[in-house]
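Number of protein chains: 2
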Amino acid sequence: MARRRDALTRPRVIAAATAVADRDGLTALTMRSLASELGVAPMAVYHHVPNKEAILDGVVDAVFSEITLPDVGGDWRTEMRMRAASAREVLRRHPWAVGLLESRAAPGPATLTHHDTVIAAFRAAGFSVRQTAHAMAVIDSFVYGFAVQEASLPFDDSESLDEVADGILDAETAERFPHLTELATVYVLEPGYSFGDEFDLGLDLILDGLDRLPRAAG
Amino acid sequence: MARRRDALTRPRVIAAATAVADRDGLTALTMRSLASELGVAPMAVYHHVPNKEAILDGVVDAVFSEITLPDVGGDWRTEMRMRAASAREVLRRHPWAVGLLESRAAPGPATLTHHDTVIAAFRAAGFSVRQTAHAMAVIDSFVYGFAVQEASLPFDDSESLDEVADGILDAETAERFPHLTELATVYVLEPGYSFGDEFDLGLDLILDGLDRLPRAAG
DNA sequence: CGAAGGAGCCGTACAAAGTACGAGCCCGCG
DNA sequence: CGCGGGCTCGTACTTTGTACGGCTCCTTCG
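Chains as they are written, first to last, in numbering that gives the first Met the number 0: chain A, 0 to 217; chain B, 0 to 217.
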């Protein structure tokens, strides 16, 4: 099929789009920058993809494919903790992907595979269909929402957030938002704090809650 | 200050932007459509706002201001349930807002007020600073993530999702994703199902988990 | 009451981005 | 060796954000 060397393909287009978004941000991902990344003229891309929307769909699905799938039949808490951690890591590697999720209705094959496998893992652990739906809704909401918050953090985790705080927490602000200021100064701004740690705390809280549900088999 | 009648103001600009986004979607919110909504020439807007980014910042803050604040000193579970429900409802009214959250680093005054009040409510209920941070991280992640998922649903909740399902769940798909198909057919596609119900379930699970934390005073 | 000044508004124009259209090129097959 | 068609490209049109400078009308002060 590949007539000439290094022929363009849909996967190569998607991969290049991901690379550009990772490197320069989602807004920098234009048909022209993408073509440049591929070493090709802008219009060449359109023979492998109908439009930019399709590229974004493909990119989201590619991101999903990076998430490690749970082992069906393994301990569900272990597997789900692993999957959630992997999802968070992937979404941290591609922060722009979270914003894309919201606008994409049609899931791709990797996304469907992901969900199917997760459902299988829950069912194998004795969760009822209904419980599985509940469990996935909570966990996925938490993971996505956490990713949204991480993406909107103005610093790159444990970077000099003092500077950032200084910009926001001036004297007047501190007076108007005393509780926010307290939280920031006595906790968030302490050395060693990492918002990322909240992920494990929250996830454990949710997994504990799910563990408490009455279940058929263990 | 308002020299002529119906003078443009920053709040009016933000409100009009919100209206356009609600009515026609975020992509339809352009400087030109916004100006048209205001009955004004495109460039007129720039005398009240430095650029489009500032409008989006303002819109996000305006959305936050719509969320009902918790009553500091009230029962924290009741208050937080109410706040979360309000937040979800607001984000359902403005589905495009979720995607904006991710790209906006600088919080506006309404956003700061919101967070400050929530912190105050937790602290008043006996949560330590650290526990408050944990609690907010879980709850907010859940709420945002749930909103993301709701926004990406291809149907308007309890609309004819049979049609949508028919499009996705053809014979081949059903074979490749058996667990997904099972979940869909025996639960999601049953009459009376609403993804929104998962919100209350998940929220209760989280609030239960928070309730189990050792706390100073009630 | 009139002139000055500035605030608010607008018309024009340009750069960047998505993409339609049709021509050119190059490969494998006959 | 020639041909057909898939891949690529150049050009150009539309839409969007926004810089620049002019116009207009209210407010203020003499």
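We put the CB at the ideal spot given by N, CA and C, even for glycine.
Worksheet entry | Given 8 Å, three or more beta-carbon pairs between the stretch 66 to 76 of chain B and the stretch 110 to 117 of chain B | yes
Worksheet item: Closest Cβ-Cβ distance between residue 113 of chain A and chain B: below 7 Å?
Response: Position 114 of the first sequence holds residue 113 of chain A. No, its Cβ sits nowhere closer than 7 Å to a Cβ of chain B.
Worksheet item: Got a sec, what are the start and stop residues for the alpha helix (DSSP H) residue 211 of chain A sits in?
Response: Taking the first sequence and counting its residues from 1, one reaches residue 211 of chain A at position 212. That residue, residue 211 of chain A, is in no alpha helix (DSSP H); it is neither H nor E in DSSP.
Worksheet entry | Whole-Å CB distance - residue 147 of chain B paired with residue 97 of chain B, under 8 Å assumed | Locating residue 147 of chain B in the second sequence gives position 148, where the first residue counts as 1. Locating residue 97 of chain B in the second sequence gives position 98, where the first residue counts as 1. About 5 Å; that satisfies the 8 Å criterion.
Practice prompt. Can you have a look at residue 0 of chain A and say buried or exposed, based on whether 16 or more other CB atoms are within 10 angstroms of its CB?
Written response: Numbered from 1 along the first sequence, position 1 holds the residue referred to as residue 0 of chain A. In this prediction, residue 0 of chain A scores a pLDDT of 39, lower than 50, which makes its location untrustworthy; no coordinate-derived value is stated.
Fill in: Cβ separation of residue 18 of chain A and residue 36 of chain A, assumed to be a contact under 8 Å, to the nearest whole Å
One-based indexing of the first sequence puts residue 18 of chain A at position 19. One-based indexing of the first sequence puts residue 36 of chain A at position 37. Contact flag correct, Cβ pair sits at about 6 Å.
Worksheet entry | Range of the contiguous alpha helix (DSSP H) that encloses residue 79 of chain A | In the first sequence, residue 79 of chain A corresponds to position 80, counting from 1. Counting along the chain, the alpha helix (DSSP H) containing residue 79 of chain A begins and ends at 75 to 92.
Item to complete: Note the first and the last residue of the continuous alpha helix (DSSP H) segment covering residue 19 of chain A.
Response: Taking the first residue of the first sequence as position 1, residue 19 of chain A is located at position 20. It spans 9 to 23 - the alpha helix (DSSP H) in which residue 19 of chain A sits, taken as one unbroken run.
Worksheet item: So, do the stretch 39 to 56 of chain A and the stretch 85 to 92 of chain A have three or more beta carbon pairs nearer to each other than 8 Å?
Response: no
Discussion item. For a test of your reading of the model: does the CB of residue 58 of chain B fall under 6 Å from any non-hydrogen atom of the ligand ADP? Yes or no.
Written reply: Ligands in the displayed structure: none, and consequently the ligand ADP is not present.
Worksheet item: Cβ atoms of residue 63 of chain A and residue 110 of chain A: under 7 Å apart, would you say?
Response: Counted from its first residue, the first sequence places residue 110 of chain A at position 111. Counted from its first residue, the first sequence places residue 63 of chain A at position 64. Taking 7 Å as the Cβ cut-off, residue 110 of chain A and residue 63 of chain A qualify as a contacting pair.
Discussion item. Please identify the residue among A:174, A:206, A:175 whose C-alpha is closest to the C-alpha of residue 219 of chain A.
Written reply: Only positions 0 to 217 of chain A appear in the structure, and residue 219 of chain A is not among them; the question remains open.
Worksheet entry | Nearest-angstrom beta carbon gap, residue 170 of chain A and residue 180 of chain A [assumed within contact, 8 Å] | Taking the first residue of the first sequence as position 1, residue 180 of chain A is located at position 181. Taking the first residue of the first sequence as position 1, residue 170 of chain A is located at position 171. Not a contact, Cβ separation roughly 10 Å.
Fill in: Proximal chain B residues relative to residue 139 of chain A, where beta-carbon distance stays under 8 Å
Indexing the first sequence from 1 puts residue 139 of chain A at position 140. Ordered by position in chain B, the residues that pass the 8 Å Cβ test against residue 139 of chain A are 144, 148.
Worksheet item: Using a C-beta cutoff of 7 Å, does residue 133 of chain B count as contacting chain A?
Response: Along the second sequence, one-based indexing puts residue 133 of chain B at 134. Answer yes: the Cβ-Cβ gap between residue 133 of chain B and chain A drops below 7 Å somewhere.
Worksheet entry | alpha helix (DSSP H) segment containing residue 143 of chain B, residue limits | Here residue 143 of chain B refers to the residue found at position 144 of the second sequence. First-last of the alpha helix (DSSP H) with residue 143 of chain B: 128 to 151.
Worksheet item: For residue 74 of chain B, which of B:125, B:84, B:25, B:86 has the nearest alpha-carbon?
Response: If you number the second sequence from 1, residue 74 of chain B lands on position 75. Considering only alpha carbons, the answer is B:125.
Worksheet entry | Neighbour flag for residue 38 of chain B against chain A, beta carbons, 7 Å | As a position in the second sequence, residue 38 of chain B is number 39, starting the count at 1. Answer no: the Cβ-Cβ gap between residue 38 of chain B and chain A never drops below 7 Å.
Worksheet item: Cβ atoms of residue 83 of chain A and residue 202 of chain A: under 7 Å apart, would you say?
Response: Counting from one through the first sequence, the residue named residue 202 of chain A turns up at place 203. Counting from one through the first sequence, the residue named residue 83 of chain A turns up at place 84. Result yes, Cβ atoms of residue 202 of chain A and residue 83 of chain A sit closer than 7 Å.
Practice prompt. Find the nearest neighbour of residue 176 of chain A within the set B:106, B:185, B:190, judged by alpha-carbon distance.
Written response: Position 177 of the first sequence, counting from 1, holds the residue named residue 176 of chain A. Considering only alpha carbons, the answer is B:106.
Worksheet item: If you draw a straight line from the C-alpha of residue 55 of chain B to the C-alpha of residue 58 of chain A, how long is it?
Response: Stepping through the second sequence from its first residue, residue 55 of chain B is reached at position 56. Stepping through the first sequence from its first residue, residue 58 of chain A is reached at position 59. When rounded, the distance between both Cα atoms is 25 Å.
Worksheet item: Under the three-state reduction of DSSP, which class applies to residue 97 of chain B: helix, strand or coil?
Response: Taking the first residue of the second sequence as 1, we reach residue 97 of chain B at position 98. It is helical.
Worksheet item: With a cut-off of 7 Å, does the C-beta of residue 27 of chain A fall near any C-beta of chain B?
Response: One-based indexing of the first sequence puts residue 27 of chain A at position 28. Taking Cβ atoms only, chain B never reaches closer than 7 Å to residue 27 of chain A, which makes this a no.
Fill in: Of the residues B:212, B:143, B:199, the one placed nearest residue 77 of chain B, counting alpha carbons only
As a first step, residue 77 of chain B must be located in the second sequence, where it is residue number 78. Considering only alpha carbons, the answer is B:199.
Discussion item. Just checking: is the beta-carbon of residue 129 of chain A within a distance shorter than 7 Å of some beta-carbon in chain B?
Written reply: The residue given as residue 129 of chain A occupies position 130 in the first sequence. Chain B, which has a Cβ nearer than 7 Å to the Cβ of residue 129 of chain A, makes this yes.
Item to complete: Give a yes or no on whether the minimum CB-CB distance between residue 178 of chain A and chain B is below 7 Å.
Response: Taking the first residue of the first sequence as 1, we reach residue 178 of chain A at position 179. Chain B contact via Cβ: present.
Worksheet item: Helix, strand or coil: which one does DSSP assign to residue 102 of chain B?
Response: For this step, residue 102 of chain B is matched to residue 103 along the second sequence. Reduced to three states, the DSSP call for residue 102 of chain B is coil.
Discussion item. With H, G and I counted as helix, E and B as strand and the rest as coil, what does DSSP make of residue 217 of chain B?
Written reply: Translated into the one-based positions of the second sequence, residue 217 of chain B becomes position 218. Residue placement at residue 217 of chain B is poorly supported in this model, since its pLDDT is 44, which falls under 50; the coordinates are not used for a value here.
Worksheet item: Looking at residue 144 of chain A and residue 144 of chain B, is the spacing between their C-beta atoms short of 7 Å?
Response: Translated into the one-based positions of the second sequence, residue 144 of chain B becomes position 145. Translated into the one-based positions of the first sequence, residue 144 of chain A becomes position 145. In this structure, residue 144 of chain A lies closer than 7 Å to residue 144 of chain B by Cβ.
Worksheet item: Shorter than 7 Å from the beta carbon of residue 15 of chain B to some beta carbon of chain A?
Response: Numbered from its first residue, the second sequence carries residue 15 of chain B at position 16. Residue 15 of chain B does not count as touching chain A.
Worksheet item: Does any residue of chain A bring its CB to less than 7 Å from the CB of residue 64 of chain B?
Response: Taking the second sequence and counting its residues from 1, one reaches residue 64 of chain B at position 65. Chain A contact via Cβ: absent.
Practice prompt. Starting from residue 193 of chain A, trace the alpha helix (DSSP H) both ways and give me its first and last residue.
Written response: Here residue 193 of chain A refers to the residue found at position 194 when the first sequence is read from its first residue. Per DSSP, residue 193 of chain A belongs to no alpha helix (DSSP H) and is neither H nor E.
Worksheet item: Where does residue 131 of chain A land, buried or exposed, given buried means 16+ other C-beta within 10 angstroms?
Response: Here residue 131 of chain A is taken as the residue at index 132 of the first sequence, counted from 1. Counting Cβ neighbours within 10 Å, residue 131 of chain A comes out buried, since at least 16 surround it.
Worksheet item: Who are the neighbours of residue 69 of chain B on chain A, taking C-beta pairs under 8 Å?
Response: Reading the second sequence from its first residue, position 70 is the one you call residue 69 of chain B. Within chain A, no residue comes near residue 69 of chain B; the closest Cβ sits about 12 Å away, beyond 8 Å.
Practice prompt. Take residue 34 of chain B and list the residues in its own chain whose beta-carbon comes closer than 7 Å to its own, dropping the five residues that flank it on each side.
Written response: For this step, residue 34 of chain B is matched to residue 35 along the second sequence. Cβ within range, chain order: 40, 41, 43, 44.
Worksheet item: If you check the beta carbons only, do residue 104 of chain B and residue 153 of chain A fall under 7 Å apart?
Response: Indexing the second sequence from 1 puts residue 104 of chain B at position 105. Indexing the first sequence from 1 puts residue 153 of chain A at position 154. Cβ distance < 7 Å, so residue 104 of chain B and residue 153 of chain A count as in contact.
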